[in-house]
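For the sequence shown, my numbering assigns the number 1 to the initial residue and increments by one for each residue that follows.
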Amino acid sequence: MASSISVQDLTKVYDLGEIQVRALRGVTVDIAAGEFVAVIGPSGSGKSTFMHILGCLDRPTQGRYLLDGHDVSTLSRNALADVRNKKIGFVFQGFNLLSRTTALDNVELPLLYNGNGMRGKERRRRAHDALNGVGLSDRAGHHPNQLSGGQQQRVAIARALINQPSILLADEPTGNLDSRTSVEVMGIFQKLNTERGITVLLITHEREIAEYGTRIITFRDGKIVSDKPNTVRRMAADEFAALPLDTDSDADSSVPAASTSVGALDLDLDLT
Ligand SMILES: Nc1ncnc2c1ncn2[C@@H]1O[C@H](COP(=O)(O)OP(=O)(O)O)[C@@H](O)[C@H]1O
Ligand SMILES: [Mg+2]
1 MASSISVQDL TKVYDLGEIQ VRALRGVTVD IAAGEFVAVI GPSGSGKSTF
51 MHILGCLDRP TQGRYLLDGH DVSTLSRNAL ADVRNKKIGF VFQGFNLLSR
101 TTALDNVELP LLYNGNGMRG KERRRRAHDA LNGVGLSDRA GHHPNQLSGG
151 QQQRVAIARA LINQPSILLA DEPTGNLDSR TSVEVMGIFQ KLNTERGITV
201 LLITHEREIA EYGTRIITFR DGKIVSDKPN TVRRMAADEF AALPLDTDSD
251 ADSSVPAAST SVGALDLDLD LT
């Protein structure tokens, strides 16, 4: 259940009264179902604006956005929210977890908002499965401040997956992570992409992170200035396996590093 994206001449102007910020200046691109696209570019080049529109968090000022062949550029806010809840998972740089809420409750949260009428017990089961899928079943009752950065990002990934989205949008997901943990998180994305066929759009300003994608799109000044297949793709699982075992760890402190890493990279992808 992958999703395809087609945008034509997308523009976005933020109207601040006195000034108008032209964040996107005519972006045209097609992304096929099941691609893993990295979007790269300097700060202020429009990457996040692009992601917000693709993620149905915002609407373009002009231009067309076809998601799985349906024009979503003119939908009402409510209709957009529906599409978003059904199809799209988000991962952010700052994890965006609720701090006074357990890992399990954070993961379960989107199920409360998607109008599925799912019963509490079923929601719990799914949230447990999703946490298990990112190797964190033993952290279900922990609050975010009791988890490392990498663990928090894995909770956020589990939350993004809870509605079984067909697109995963990640905005600088490794921006707050050390390099080892970044490889681990990229491993999860690559696995979701290859094994579950989820379309992945990864925003980063780091070239090395973009190289985990199969295609690299470069933004500058609100436009795409380059769009190329990535011929030197990095494979996170291989890299991770070759890394020395981590003892002091962003990974888990209480279980051996080896079992943690296997847990995270050896995703149990069956969330149904
Ligand atoms: N909500 C907003 N209101 C006004 N200007 C914004 C808003 N969001 C982004 N911008 C401006 O739009 C431009 C593109 O920003 P952004 O999409 O965040 O770029 P990037 O993610 O590449 O750093 C920048 O000039 C930024 O200041
Ligand atoms: Mg940004």
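The beta carbon of each residue, even a glycine, is placed where N, CA and C say it ideally should be.
heavy atom of ligand 2 below 8 Å from residue i C-beta
| i | result |
| --- | --- |
| I167 | no |
| E206 | no |
| S148 | no |
| S4 | no |
| S274 | Look at the range of the chain in this structure, 1 to 272, and you will see that residue 274 is not part of it. |
Cβ-heavy atom distance, residue i to ligand 1, below 8 Å
| i | result |
| --- | --- |
| K223 | no |
| I203 | yes |
| T11 | no |
| Y212 | no |
| S99 | no |
| D171 | yes |
| T49 | yes |
| A23 | yes |
| S137 | no |
| Y14 | yes |
| F219 | yes |
| G34 | no |
| G46 | yes |
Pair within 9 Å by beta-carbon distance, residue i and residue j
| i | j | result |
| --- | --- | --- |
| A2 | I198 | yes |
| I31 | S6 | yes |
| G187 | A237 | yes |
| L111 | R126 | yes |
| G63 | D105 | no |
| V37 | V225 | no |
| Q164 | V91 | no |
| K47 | D68 | no |
Residue i, DSSP secondary structure in three states
| i | result |
| --- | --- |
| R126 | helix |
| V7 | strand |
| L112 | helix |
| L67 | strand |
| Q93 | coil |
| P165 | coil |
| Y14 | strand |
| A251 | The pLDDT assigned to A251 is 48, lower than 50, so where the model puts this residue is not dependable; a value taken from the coordinates is nonetheless given after this. Residue state, collapsed to three classes: coil. |
| V200 | strand |
| D171 | strand |
Range covered by the beta strand (DSSP E) that runs through residue i
| i | result |
| --- | --- |
| I216 | 215-220 |
| R22 | 20-31 |
| V39 | 36-40 |
| D227 | 223-229 |
Boundaries (first-last residue) of the alpha helix (DSSP H) holding residue i
| i | result |
| --- | --- |
| F240 | 236-242 |
| F50 | 47-54 |
| T181 | 179-196 |
| L80 | 77-87 |
| A140 | Run containing A140: none; DSSP gives neither H nor E here. |
| T208 | Residue identity check: residue 208 is Glu in the sequence provided, not Thr. Its alpha helix (DSSP H) spans residues 207-210. |
Examine the Cβ distances between the segment 166-183 and the segment 15-27 and report whether three or more of them are shorter than 8 Å. no
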